[in-house]
Amino acid sequence: MKKIGLIILLAITISACDSNNKTYQSTFKHTLECQDQLKDITKGNFKLDDIPKKNLTFDIQPRDNNIEIIQINFVPKEQNESRSAGRIKVNKADKEMFNSTFDDINLIPIKLGSHQMFVAECF
């Protein structure tokens, strides 16, 4: 009898847990053109003067349907491990990008330069 009671209690507990953990997929288009534009934007907004564009890599993680975070990484000349160079927060709904390296409160607008349509075309 105790086992049946525990099984019922376990079933109720499991069904009461929120199982709506949504997973989001990045909508970034990994084309050569979008990659090159992202490298240009990154070089123009972060102090990466001594780092060649070819050494830049990006890890893009969606937070929800409208926000994606771009982790900027680079591989130093004489090392094999990548290092973080900063973070960019992309607001796809408003077509804006912000430097969010230090926190999510004091966001610094990213200058898109000649790539004004980057968010619309690449996300």
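Each residue of the sequence shown is one higher than the one before, starting from -14 at the first, in the working numbering.
No residue lacks a Cβ here, since even glycine has one placed at the ideal position from N, Cα and C.
Bear in mind the structure is a predicted one, so any value in this text is a computation, not a measurement.
Asked: C-beta contact flag for Phe108 and Lys77 at 7 Å; Found: yes
Asked: Range of the contiguous beta strand (DSSP E) that encloses Asn84; Found: 81 to 84
Asked: Local conformation of Ala70 per DSSP, three classes; Found: strand
Asked: Integer Cβ distance of Glu53 from Pro61, believed to fall under 8 Å; Found: Actually they do not touch by this definition, with Cβ atoms about 26 Å apart.
Asked: Limits of the beta strand (DSSP E) - the one that Asn6 falls within; Found: Asn6 -> no beta strand (DSSP E), and no H or E assigned at all.
Asked: Cβ-heavy atom distance, Lys24 to the ligand ADP, below 6 Å; Found: No copy of the ligand ADP occurs in the structure displayed, which carries no ligand at all.
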